[in-house]
Each structure stands twice: as C-alpha cells, then as structure tokens.
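Novice:
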Amino acid sequence: MNIDNDAGTRDRILTLIIEKGPITSAELAQMLVLTAAAVRRHLSQLEYEGQITEYAGASSRPARRGRPSRRYVATDQGQAAFGDSYGDVAMQALQFVQRSRGDAGIKEFAEERIKGLEERYRPYVEAAGEDLEARAMALARVLTHDGYAASVRKGPRGLTLQLCQGHCPIHDVAAAYPTMCEAETQAFHRLLGVHVQRLATLAGGEHVCTLTIPLVSRMRGTQLEGKP
Numbered sequence: 002m003n004i005d006n007d008a009g010t011r012d013r014i015l016t017l018i019i020e021k022g023p024i025t026s027a028e029l030a031q032m033l034v035l036t037a038a039a040v041r042r043h044l045s046q047l048e049y050e051g052q053i054t055e056y057a058g059a060s061s062r063p064a065r066r067g068r069p070s071r072r073y074v075a076t077d078q079g080q081a082a083f084g085d086s087y088g089d090v091a092m093q094a095l096q097f098v099q100r101s102r103g104d105a106g107i108k109e110f111a112e113e114r115i116k117g118l119e120e121r122y123r124p125y126v127e128a129a130g131e132d133l134e135a136r137a138m139a140l141a142r143v144l145t146h147d148g149y150a151a152s153v154r155k156g157p158r159g160l161t162l163q164l165c166q167g168h169c170p171i172h173d174v175a176a177a178y179p180t181m182c183e184a185e186t187q188a189f190h191r192l193l194g195v196h197v198q199r200l201a202t203l204a205g206g207e208h209v210c211t212l213t214i215p216l217v218s219r220m221r222g223t224q225l226e227g228k229p
C-alpha cells in the first residue's frame, strides 16, 4: 500500500466534498475516475478522522427509488485542514480595532477589505460578458483561486443560481464579525449587477456559504429595458 498516494487521494476527496458537498461516493468516484470501493474506503477513513460526516439535511435533487445514497459534507475539523489564511493574528488585530474604534471601525475595515477584492475580481467578471451565469462562474473561479472552493449550481426549477463557497479562509473572523459576510454579499451584488441573497454561511454553522442569484429578475429587467 502506498501511504503517500492514499493521503493524496484523501486530500482530493476532502477538497471535492468541501467544494461540491453534499456529495455521494458514486459522484466522487466518477469525478476522480476511481472504483466505488476505493472511494468508500477513503470516505470511511475521513469519517473516522472526523473530517467529514453524513449530511442530514433534505436533498434538493429528485427522489429515487430504493435506499437513498449517503451524502457527505466536511466537518469543522475538515474545514480547518483545508487551511486558514488569517488565523489568530487577524482575530487579534480586529479585536484591537473594535476596542479602539468600536463597531464602526470593524465595518470600515470590512468595507475596505472587500473593496480591494471587488476591484481585483471585477475584470474577470466583466470579461465574462452580460450572461449572468457566465459572470457567476467567473466569480466562482476567482473565489476558488483565493481558497473559497466556490461553485455555481442551478437552483430549484432553474429560476435561480446558487453561488456556493465550500470553504472560508476567514471562517473564525467571519463567525466573530458577521459584518465581513455582509460586506462580501454587497460586493457580489455590485459585481453581478443583480440583487443577491445570502441563504447560509459557514460562519453560521452551515456546511457551505450559499448565495442565491435570481435569474428571473434579470430576464424581466432586460425585457423591460427593451420596451418603449
């Protein structure tokens, strides 16, 4: 048995679970071109180590006959293994800002931080053109590059898109200071040009940060603009 290869495969599986979860062993096997038995062996080890767990929430996918497949999401421990680019130093810095300047100082910091990200992301989003799904996917790609493990999924009945962030590099900071998430949501609204709604956050205890992007309002807006 090659221990290094096993560890590398488990890292890839954990990364996919963080990015794509809730996800089944069959879906993982297809993505990684591995046998179902091999994937289940790695999943068992990750579950034993406390890095993943079975998802207990309702499925948004059509129900199938027979016993439903187990779907997996990352635990807090698994998220931590993915890395945190801020850590204790950032937390201490923000605590100092709050003591010296209060909540207004935290808000100013959050807005200044997100302004830099927005300026850096905008060229990539604009290069995707006017199609909202293409813009959302461009945003997901740059977010993933920054460690957010982002993906775009179709919402119920195809009326919305969901921008999902499977990892948060500033998880502990965002949990302590929700203003960070609020500023990020506003930035995504400006980048995509539509009103977006945050449905769930990792900082709030969910397995993924989920942002809903309405397609209907965009289509209606385009139609209205074309009317005399």
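To get the working numbering, take the position in the sequence shown, counting from 1, and add 1.
Think of the CB as a built atom: it goes at the ideal place given N, C-alpha and C, for glycine as much as any other residue.
When you compare only the Cα positions, how much space is there between SER70 and PRO23?
Specialist: On the sequence shown, residue 70 is found 69 positions in, with the first residue counted as 1. On the sequence shown, residue 23 is found 22 positions in, with the first residue counted as 1. Looking at the two C-alpha atoms, the distance is approximately 11 Å.
Novice: Give the secondary structure of ARG11 by DSSP, where H, G and I count as helix, E and B as strand, and everything else as coil.
Specialist: The count along the sequence shown starts at 1 and reaches residue 11 at position 10. If DSSP states are grouped into helix, strand and coil, ARG11 belongs with the helices.
Novice: Keeping to the same chain, check which residues put their C-beta closer than 8 Å to that of GLY79; ignore five residues upstream and five downstream.
Specialist: For the purposes of this step, residue 79 is taken as residue 78 along the sequence shown, with counting starting at 1. Cβ neighbours of GLY79 beyond the five flanking positions: LEU15, ILE18, ILE19, LEU47, GLY51, GLN52 and ILE53.
Novice: Is the CB-CB distance between THR213 and GLY156 below 8 Å?
Specialist: By 1-based counting over the sequence shown, the position of residue 213 is 212. By 1-based counting over the sequence shown, the position of residue 156 is 155. Contact flag set, yes.
Novice: Classify SER152: buried if its beta carbon has 16 or more other beta carbons within 10 angstroms, exposed otherwise.
Specialist: The residue given as residue 152 occupies position 151 in the sequence shown. SER152 is buried by the Cβ-count criterion.
Novice: What ranges does the beta strand (DSSP E) occupy inside the region 142–175, keeping only unbroken runs of at least 3 residues that lie completely in it?
Specialist: Segments of the beta strand (DSSP E) lying fully in the region 142–175: 151–155 and 161–166.
Novice: Leaving out the 5 sequence neighbours to the left and right, which residues in its chain are closer than 8 Å to ALA177 when beta-carbon positions are compared?
Specialist: To locate residue 177, count along the sequence shown from 1; it is residue 176. The answer, listed in chain order, is MET92 and LEU95.
Novice: Around the C-beta of GLU185, are 16 or more other C-beta atoms found within 10 angstroms, so that it is buried, or is it exposed?
Specialist: Taking the first residue of the sequence shown as position 1, residue 185 is located at position 184. So GLU185 ends up on the buried side.
Novice: With DSSP run on the structure shown, which of helix, strand or coil describes ARG199?
Specialist: For this step, residue 199 is matched to residue 198 along the sequence shown. DSSP places ARG199 in strand when its eight states are reduced to three.
Novice: Are TYR122 and LEU193 touching if we call contact CB-CB under 8 Å?
Specialist: The count along the sequence shown starts at 1 and reaches residue 122 at position 121. The count along the sequence shown starts at 1 and reaches residue 193 at position 192. Contact flag unset, no.
Novice: Check whether the Cβ atoms of PRO215 and HIS190 lie closer than 8 Å to each other.
Specialist: Within the sequence shown, numbered from 1, the residue matching residue 215 stands at position 214. Within the sequence shown, numbered from 1, the residue matching residue 190 stands at position 189. Taking 8 Å as the Cβ cut-off, PRO215 and HIS190 do not qualify as a contacting pair.
Novice: LEU29: buried (16+ other C-beta within 10 angstroms of its C-beta) or exposed?
Specialist: Residue mapping note: residue 29 aligns to position 28 of the sequence shown, counting from 1. Under this definition LEU29 is a buried residue.
Novice: Identify the continuous beta strand (DSSP E) that holds THR54 and give its terminal residues.
Specialist: Sequence index remark: in the sequence shown, residue 54 carries index 53 (1-based). Note, THR54: beta strand (DSSP E), 53–55.
Novice: In chain order, what residues of the same chain lie with their CB nearer than 8 Å to the CB of GLY130, ignoring the 5 residues before and after it?
Specialist: Residue mapping note: residue 130 aligns to position 129 of the sequence shown, counting from 1. Excluding positions up to five away in sequence, the list reads ARG136.
Novice: LEU44 by DSSP, collapsed to three states: which one?
Specialist: In the sequence shown, counting from the first residue as 1, residue 44 sits at position 43. In this structure, LEU44 counts as helix in the three-state DSSP scheme.
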